[in-house]
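Shown next, in structure tokens, is the structure this report addresses.
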Amino acid sequence: MKIAGKAIVFGDDINTDVIIPSKYLTTLDPKELAKHAMEGMDPSFADKAKEGIILVAGKNFGCGSSREQAPIALKYAGVRCVLAEFFARIFYRNAVNIGLPVLEAPGVSKAVNDGDFLTVNLEKGEILNETKGEVMKAVRLPEFILEILKDGGLINHLKKKIGGK
Amino acid sequence: MNLAEKILARASGRDEVKPGEIVQSRVDAAMANEITGPLAIKAFREIGVPKVWDNERIVLIQDHQVPADTVKSAELHKIMRRFAEEQSIKFFYDIGRGGVCHQVMVEEGHVLPGDLIVGADSHTCTYGALGAFGTGIGSTEMAAVFATGEIWLRVPSSIKVNFCGSLREHVAAKDLILYVISLIGASGATYKAMEFTGSTISKLSIGERMTLCNMAVEMGAKAGLVNPDEKTLRYVEKLARRRFEPLKSDQDADYEKTLKIDVSRIEPMIACPHAVDNVKPVKSVEDVKIDQAFIGSCTNGRIEDLRAAAEILRRGRISKGVRMIITPASRRIYLQALREGLIETFIEAGALVTNPTCGACFGGHMGLLAPGEVCISSSNRNFIGRMGSPEAEIYLASPITVAASALAGRIVDPIEYLED
Ligand code: SF4
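For the protein sequence lines, the chains are W and Z, in the order given.
To convert a position in the first sequence, counted from 1, into the working numbering, add 10.
For the record, in the second sequence the residue sitting at position 135 is 122 according to the working numbering, with numbers rising by one throughout.
In structure tokens form, the structure reads like this:
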């Protein structure tokens, strides 16, 4: 799986309240959630992400509550992949489960600037920064997580597995 | 291997696992409540398998909004009830039958030493008190567990917290864990397991060990664990719903880091607004006037907590300006407290005793705070807005400190207050 897009860079400890403020949790419509993605940090984010972007962040991305609405809001706003130094545990799982690729890449938040054009090779765990002409290593995803992501999330993945039997 | 590694190795059918590895594991039990359950049920239907993987290992518990406080809550309860019936879920704890989910899981024998248990609730880490690996997951993931009984987990590295010495009078397990949180911080154990060990632990009751493990997630941890001992085995013997095989850490197990704490030096601690790691000695925050005092929740709503509170409340009457809410964590605890005369003590002192529920703990119902109000609570989170108005302030402390403060009408160090 190759994913390409412009980078939007954030800092450390971005929590789920910033990613999707709790006042929007009553809606389960992903498109509605997407409108408010990262609103706590940058109200114009949804607009900037529309074209499809790669979100780059520092340490502990997605900390706070276990709300699944956080990765859903990002995904439907146009985030194709999140690269971070490391993720909060439940966010990481929820992202994979709803089919949003997440990659841990130590050093990434320093090496990438806002607006750099990135190509991520999920299988290889490689990030190509085309703007700077640099290649970075990320922590490679295990095979079965790749499978879940390729299927677009856990529910589809299971449906396929069960249907294929 | 340490306890967390051993449990994950067995659950994934391996001889050995190492931190960082991702393993596909079989769970021994799965729990959902009426807040996370209905979403999981919806996702389960999308997967399209007709039957759950095991109707005796899925435990469904109504606890957050019981009895139903709104039509919306009543609808959620109904979804759970229907699903339990349709899937012949053997262990469904409806209103009046159980209590707060984590307490029910433990006292009804669904958590056993050596188990891997997932719960659609972040405080599932409480089960480590019995030597089980309990961890919280989201609703979609729970749907997959309902369907398959399996989950992928990353093997965490472990932090060992070694407690030695004896607790001073009026110092409780809650003070210990608040102290640990002050050292590790609110994200210091992210992805990790925390193993609580040392000579102090063997003296603690199962309930006190639950208080420790319960708050592991407040440091970002995936699980909190205590190695099972004689006490654990005696506790589960009569309750166990299944066969089990305890596991223990090896003597030479690896830990990412070890903390040594002499508990005889720890004084009553309190987490101040609005972060669980904003911990101070209680005596440094005295003279904060309180409006509400709450004893309850999966952290500190157990029989030992109620006994400790009753012992203090027997000394007088709750201060005029304070409303005190006491919520036994389960039906069993409620009954036991009745039999011991604790409920009578509470009512005579001027407290309001509610039915077992999450209730005030997460600002669901039964005891919300108005703007500008201050609450001292025995629960586990003091985030902005957690117990009602975002303009209210929440302090977290032991049931002893909460009870003493309720008498005083302000936050007091129980050691100083009770010795006067
Ligand atoms: S008592 Fe509070 S912390 Fe425990 S499960 Fe209920 S709401 Fe969550």
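Just so you know, even glycine gets a beta-carbon here, dropped at the ideal spot from N, CA and C.
Values in this document were obtained by computation on a predicted structure and should not be read as measured data.
* Considering only residues of the stretch 91 to 171 of chain Z, which uninterrupted beta strand (DSSP E) runs meet the minimum length of 3 residues and lie entirely inside it, listed in chain order? -> Segments of the beta strand (DSSP E) lying fully in the stretch 91 to 171 of chain Z: 103 to 106, 120 to 123, 137 to 141, 145 to 151.
* Leaving out five residues before and five after Ala87/W in sequence, what residues of the same chain have Cβ atoms less than 6 Å from its Cβ? -> So the qualifying residues of the chain are Ala44, Ala47, Ala56, Ala59.
* Neighbourhood of Ile24/W by C-beta, 6 Å cutoff - its chain only, sequence neighbours within 5 removed -> Counting only residues of its own chain and dropping the five nearest sequence neighbours on each side, Ile24/W has a CB closer than 6 Å to the CB of Ala67, Phe71.
* **Reference Leu191/Z; option with closest CA among Lys179/Z, Met206/Z, Phe150/Z** => Nearest to Leu191/Z by C-alpha distance, out of Lys179/Z, Met206/Z, Phe150/Z, is Phe150/Z.
* Sequence ranges, beta strand (DSSP E) only - wholly within the stretch 28 to 88 of chain Z, length at least 3 -> Entirely contained in the stretch 28 to 88 of chain Z, the beta strand (DSSP E) runs reaching 3 residues are, in chain order, 45 to 48, 78 to 80.
* For Val266/Z versus Ser174/Z, is the C-beta distance shorter than 8 Å? -> At the C-beta level, Val266/Z and Ser174/Z stay beyond 8 Å of one another.
* Mind checking whether the beta-carbon of Val87/Z lies closer than 7 Å to any heavy atom of the ligand SF4? -> Checking every heavy atom of the ligand SF4 against the Cβ of Val87/Z, one is found closer than 7 Å.
* Could you check what DSSP says for Tyr222/Z in three-state terms: helix, strand or coil? => In the structure shown, Tyr222/Z sits in a helix (DSSP, three-state: H, G or I).
* If you check the beta carbons only, do Val19/W and Val122/W fall under 8 Å apart? -> Against a cut-off of 8 Å, the Cβ pair of Val122/W and Val19/W comes out as a contact.
* Touch test, the stretch 110 to 122 of chain W against the stretch 133 to 150 of chain W, Cβ-Cβ under 8 Å, three pairs minimum -> Flag = yes, the stretch 110 to 122 of chain W and the stretch 133 to 150 of chain W touch.
* To do: Enumerate in chain order the residues of its own chain whose CB-to-CB distance from Tyr321/Z is below 7 Å, with the five nearest sequence positions on each side excluded.
  => So the qualifying residues of the chain are Pro315, Pro343.
* Asked: If contact means a Cβ-Cβ distance below 7 Å, which residues of the stretch 60 to 78 of chain W contact chain Z?
  -> Listed in sequence order: Asn70, Cys73, Ser76, Glu78.
* Between the C-alpha atoms of Thr23/Z and Val46/Z, what's the straight-line distance to the nearest angstrom? -> Those two C-alpha atoms are separated by around 13 Å.
* By the 10 Å Cβ neighbour count, where 16 or more other Cβ atoms means buried, how is Lys147/W classified, buried or exposed? -> Lys147/W is exposed by the Cβ-count criterion.
* Any chance the CB of Cys362/Z is under 7 Å from a heavy atom of the ligand SF4? -> No, the Cβ of Cys362/Z stays beyond 7 Å of every heavy atom of the ligand SF4.
* What does a CB cutoff of less than 6 Å around Met311/Z pick up in its chain, not counting 5 residues either side in sequence? -> Taken in chain order, the residues that qualify are Ala280, Ile305, Ala338, Ala393.
* Asked: In three-state DSSP terms, what is Cys285/Z?
  -> Cys285/Z falls in the helix class under three-state DSSP.
* Inter-residue spacing [alpha-carbon to alpha-carbon] between Glu205/Z and Ala14/W -> Roughly 36 Å between the two C-alpha positions.
* Looking at C-alpha atoms only, which residue of Asp237/Z, Leu99/Z, Leu154/Z is the closest neighbour of Lys218/Z? -> Nearest to Lys218/Z by C-alpha distance, out of Asp237/Z, Leu99/Z, Leu154/Z, is Leu99/Z.
* contact_flag[the stretch 135 to 155 of chain Z, the stretch 59 to 78 of chain Z] where n(CB pairs < 8 Å) is 3 or more -> Using a Cβ-Cβ distance cut-off of 8 Å, the stretch 135 to 155 of chain Z and the stretch 59 to 78 of chain Z are not in contact, since fewer than three pairs of beta carbons, one from each stretch, lie closer than that value.
* Looking at the structure shown, is Tyr242/Z part of a helix, part of a strand, or coil, going by DSSP? -> Note: Tyr242/Z maps to coil in three-state DSSP.
* Asked: Closer than 7 Å: is that where the CB of Arg110/Z sits relative to any heavy atom of the ligand SF4?
  -> First, the amino acid is wrong: residue 110/Z is His here, not Arg. Between the ligand SF4 and the CB of His110/Z, the shortest heavy atom gap is smaller than 7 Å.
* Rounded to a whole number of angstroms, what is the C-alpha to C-alpha distance between Lys175/W and Ser145/Z? -> Its pLDDT being 48, under 50, Lys175/W is placed unreliably in this model, and the coordinates cannot settle the point.
* **Bridge partners - Thr184/Z, DSSP secondary structure assignment** => Looking at the DSSP assignment, Thr184/Z forms a beta bridge with Asn149/Z.
* To do: Quick one: give me the first and last residue of the alpha helix (DSSP H) that Ile381/Z is part of.
  => Not the alpha helix (DSSP H): Ile381/Z falls in the beta strand (DSSP E), residues 380 to 383.
* Out of Val93/Z, Met197/Z, His89/Z, which has the shortest C-alpha to C-alpha gap to Ala116/Z? -> It is Met197/Z.
* Could you tell me whether the Cβ of Arg103/W comes closer than 8 Å to any Cβ of chain Z? => Chain Z contact via Cβ: present.
* Asked: Among all the DSSP beta bridges, which residues are the ones paired with Ala210/Z?
  -> Ala180/Z.
* Measure the Cβ-Cβ separation of Ile34/Z and Ala134/Z and say whether it is below 8 Å. => In terms of Cβ geometry, Ile34/Z and Ala134/Z form a close pair [threshold 8 Å].
* **Proximity test, Cβ basis, 8 Å: Arg99/W and chain Z** => Yes, because at least one Cβ of chain Z sits closer than 8 Å to the Cβ of Arg99/W.
* Asked: Applying a beta-carbon distance threshold of less than 7 Å, which residues of chain Z neighbour Lys169/W?
  -> What Lys169/W touches in chain Z: Ile34, Gly35.
* **Short CB-CB distance (under 8 Å) between Tyr80/Z and chain W** => So no, Tyr80/Z is outside the interface.
* To do: Indicate, with yes or no, if the ligand SF4 has a heavy atom lying under 7 Å from the CB of Asp39/W.
  => It does not: the Cβ of Asp39/W is nowhere closer than 7 Å to a heavy atom of the ligand SF4.
* By how many angstroms is the C-alpha of Pro386/Z removed from the C-alpha of Ile334/Z? -> Going from the Cα of Ile334/Z to the Cα of Pro386/Z covers about 16 Å.
* Helix, strand or coil: which one does DSSP assign to Ser12/Z? -> Ser12/Z falls in the strand class under three-state DSSP.
* Positions along the stretch -9 to 10 of chain Z whose CB lies within less than 8 Å of some CB in chain W -> Only Ile9 from the stretch -9 to 10 of chain Z bring a Cβ to less than 8 Å from some Cβ of chain W.
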